[in-house]
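Data block below; observations after.
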Amino acid sequence: MSLFWRIYLLNAVVLVAATISLVFGPASVSAQPVFAEIVVVVLGLAALLALDGVLFRIGLAPLRRLSRAMTSVDLLRPVPRPVDAGGGDVAEVIRTFNTMIDRLESERGRSAARALSAQEAERRRIAQELHDEVGQTLTAVLLDLKRVADRAPDHVRAELREVQETTRGSLDEIRRIAHRLRPGVLTELGLPSALRVLTGDTAERTGLQIDYTCSPDLPQLGTETELVVYRVAQEALTNITRHARAERVMLSLEHTPTRVELRIRDDGVGMAGAAEGAGLQGMRERALLIGARLTIGTPPTGHGTDIHLEVPVDPQTTGAA
Numbered sequence: 001m002s003l004f005w006r007i008y009l010l011n012a013v014v015l016v017a018a019t020i021s022l023v024f025g026p027a028s029v030s031a032q033p034v035f036a037e038i039v040v041v042v043l044g045l046a047a048l049l050a051l052d053g054v055l056f057r058i059g060l061a062p063l064r065r066l067s068r069a070m071t072s073v074d075l076l077r078p079v080p081r082p083v084d085a086g087g088g089d090v091a092e093v094i095r096t097f098n099t100m101i102d103r104l105e106s107e108r109g110r111s112a113a114r115a116l117s118a119q120e121a122e123r124r125r126i127a128q129e130l131h132d133e134v135g136q137t138l139t140a141v142l143l144d145l146k147r148v149a150d151r152a153p154d155h156v157r158a159e160l161r162e163v164q165e166t167t168r169g170s171l172d173e174i175r176r177i178a179h180r181l182r183p184g185v186l187t188e189l190g191l192p193s194a195l196r197v198l199t200g201d202t203a204e205r206t207g208l209q210i211d212y213t214c215s216p217d218l219p220q221l222g223t224e225t226e227l228v229v230y231r232v233a234q235e236a237l238t239n240i241t242r243h244a245r246a247e248r249v250m251l252s253l254e255h256t257p258t259r260v261e262l263r264i265r266d267d268g269v270g271m272a273g274a275a276e277g278a279g280l281q282g283m284r285e286r287a288l289l290i291g292a293r294l295t296i297g298t299p300p301t302g303h304g305t306d307i308h309l310e311v312p313v314d315p316q317t318t319g320a321a
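Here it is in C-alpha cells:
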C-alpha cells in the first residue's frame with residue numbers, strides 16, 4: 001500500500017467512526033448548545049484525536065524505524081539494516097536506503113583498502129630508506145669516529161667516545177623505527193612471533209609490564225589478515241603508551257573454531273567518554289577490510305580499556321600459523 005493510500009485510509013477510518021457516532025449515538029447539539037452538550041462534543045473530539053494518533057503511529061511506524069536507522073548509521077560500525085516488511089512506498093524507501101548504505105560501505109571499503117595499501121607501501125619505502133641511507137651513513141660516521149678517537153689525545157678521546165655512544169643510540173632508534181614501519185619478522189616468522197617481538201620491544205622501551213599469551217594451534221591466516229591484526233595490536237599499544245597512563249597490559253591471541261580473537265586490556269585511565277581519534281578510526285577501517293569485528297569498551301574491573309578484535313576464519317581451516 002502506498003503512503004498516500006495509507007494516510008488516506010487512516011483518516012477515512014476516523015471520519016467513518018465520527019459519522020457513525022453522530023448518526024447512531026445519543027449525543028445531539030441544540031441551536032444554542034448547553035454545557036452538557038459541549039462536554040460531550042469535547043470528549044468525542046478528544047476520543048477521535050486519540051484514535052487518529054494511534055492509527056497514524058501504527059501506520060507510520062516503518063518510517064520511524066527508518067529515521068532511527070538513519071541517525072545511527074556509522075560506516076565504521078555496521079548495524080543491522082531496518083526491515084523492509086510489507087510493500088508499498090515505505091518499504092521501497094527502506095529498500096532504497098539499505099541499498100544506498102550497502103553501496104557506501106562497499107565504496108568506503110574499496111577506498112580504505114587503496115589508502116591503507118598506499119600507506120603500507122609508503123611505510124616500506126621509508127623503512128628501506130632509513131635502513132639503506134640513514135643507517136649506512138650513521139654506520140660510516142661511527143667508523144670514522146672510532147678511527148679518529150683511536151688517534152686523538154686522551155683529553156679529546158673521552159668526548160669522542162660520548163659522541164660515538166650518542167650516534168650509536170641514534171642508529172639503534174632508527175633501526176627500531178624502521179622495524180615498526182616494516183615488520184620483517186611478520187613475514188619471516190609469522191604473526192605469533194611478530195606479536196611477541198612487538199610486546200617485548202614495547203615493554204623494554206616504555207617500562208610497561210606486558211603479559212602476552214598465544215594459542216599454540218592458530219589456523220593459517222592470509223598475509224593481509226595477519227598484517228591487519230598486527231597493525232591493530234601495534235596501534236593499541238601505541239595509544240596505551242601515549243594516553244592510558246597504564247602500568248600493566250594483557251595481550252592475547254586466541255582462536256575458536258570460527259574465529260581468531262585479539263584482545264588487549266590495560267589498567268589505565270580508560271576512554272572516559274573521549275572522542276575516538278584517528279588511531280582508533282584507522283583500527284576500525286582495517287578491521288572492516290578483512291570482515292572483522294572490533295569492539296572497544298571497559299574491562300570487567302571497571303577501569304582501563306578493552307580492545308577486542310574478532311577475525312572470522314573458515315571452520316575447515318587446519319594447521320598452525
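Just so we're aligned, residue 1 is where the sequence shown starts under the UniProt record's numbering, counting upward by one. Cβ atoms here follow ideal geometry from the backbone N, Cα and C, with glycine treated the same way.
Using only CA atoms, which one of the options lies nearest to residue i?
i           : options                            : result
Ile-307     : Gly-282, Ile-264, Asp-150, Asp-314 : Ile-264
Gln-209     : Ser-193, Ala-194, Thr-241, Ser-106 : Thr-241
Thr-187     : Gly-169, Ala-158, Leu-221          : Leu-221
residue 364 : Val-197, Glu-165, Glu-224          : Past the boundaries of the shown model lies residue 364; the chain is included only from 1 to 321, so the question cannot be answered.
Thr-301     : Val-40, His-179, Asp-266           : Asp-266
Thr-166     : Lys-146, Arg-151, Pro-183, Asp-154 : Lys-146
Glu-235     : Gly-279, Leu-10, Thr-295, Glu-159  : Gly-279
Ile-290     : Ala-203, Val-228, Leu-195, Asp-52  : Val-228
Thr-256     : Asp-217, Gln-281, Tyr-212          : Asp-217
Leu-195     : Ile-177, Arg-231, Thr-206          : Arg-231
Leu-191     : Arg-64, Val-93, Pro-219, Ile-126   : Pro-219
Arg-259     : Gly-277, Gly-297, Pro-312, Ala-233 : Pro-312
Gln-136     : His-155, Arg-81, Gly-44, Arg-168   : Arg-168
Arg-182     : Gly-277, Gly-53, Val-156, Glu-129  : Glu-129
Asp-144     : His-155, Glu-133, Arg-161, Ser-106 : Arg-161
Gly-282     : Glu-133, Gly-44, Thr-238           : Thr-238
Just checking my contact of residue i with residue j at CB under 8 Å: how many whole Å lie between their CB atoms?
i       : j       : result
Arg-245 : Gly-268 : 5 Å
Thr-305 : Leu-251 : Actually they do not touch by this definition, with Cβ atoms about 12 Å apart.
Ala-18  : Leu-55  : Actually they do not touch by this definition, with Cβ atoms about 13 Å apart.
Ser-193 : Glu-254 : Between Glu-254 and Ser-193 the Cβ distance is about 16 Å, and since that is not below 8 Å, they are no contact.
Gln-164 : Ala-149 : 7 Å
Leu-138 : Ile-174 : 7 Å
Pro-62  : Ile-101 : Not a contact, Cβ separation roughly 16 Å.
On the DSSP bridge list, what partners appear for residue i?
i       : result
Val-141 : BP columns for Val-141 are empty, so no partner.
Leu-262 : Leu-253, Leu-309
Arg-248 : Gln-209
Residue i to residue j, Cα distance in whole Å?
i           : j       : result
His-131     : Gly-270 : 36 Å
Ala-50      : Ile-20  : 17 Å
Ser-111     : Thr-99  : 18 Å
Arg-248     : Leu-66  : 44 Å
Ala-118     : Thr-223 : 16 Å
Leu-142     : Glu-159 : 14 Å
Ala-287     : Ala-91  : 31 Å
Leu-171     : Leu-116 : 28 Å
Val-16      : Phe-97  : 35 Å
Gly-109     : Glu-285 : 8 Å
Glu-120     : Ala-113 : 10 Å
Glu-122     : Glu-310 : 27 Å
Ala-203     : His-179 : 15 Å
Asp-314     : Thr-225 : 13 Å
Val-14      : Ala-46  : 12 Å
Arg-57      : Thr-295 : 35 Å
residue 329 : Gly-207 : Since the first and last residues shown for the chain are 1 and 321, residue 329 lies out of range.
Leu-262     : Ala-233 : 8 Å
Ala-127     : Arg-151 : 35 Å
Asn-11      : Val-40  : 22 Å
Tyr-212     : Gly-53  : 59 Å
Gly-277     : Thr-71  : 21 Å
Arg-6       : Thr-298 : 46 Å
Give the range of the beta strand (DSSP E) segment to which residue i is assigned.
i           : result
Ile-307     : 306-312
Ser-215     : Run containing Ser-215: none; DSSP gives neither H nor E here.
residue 376 : Summary: the structure shown does not reach residue 376, with the chain confined to residues 1 through 321, and so no result is reported for it.
Val-229     : First-last for Val-229: 223-239, but that is the alpha helix (DSSP H), not the beta strand (DSSP E).
Just to confirm the assignment, what range does the alpha helix (DSSP H) spanning residue i have?
i           : result
residue 322 : Residue 322 is absent from the structure shown; the chain starts at 1 and stops at 321.
Gln-281     : 278-289
Val-134     : No alpha helix (DSSP H) holds Val-134; DSSP gives it neither H nor E.
residue 330 : With the chain represented from 1 up to 321, any question about residue 330 goes unanswered, as that position is not in the structure.
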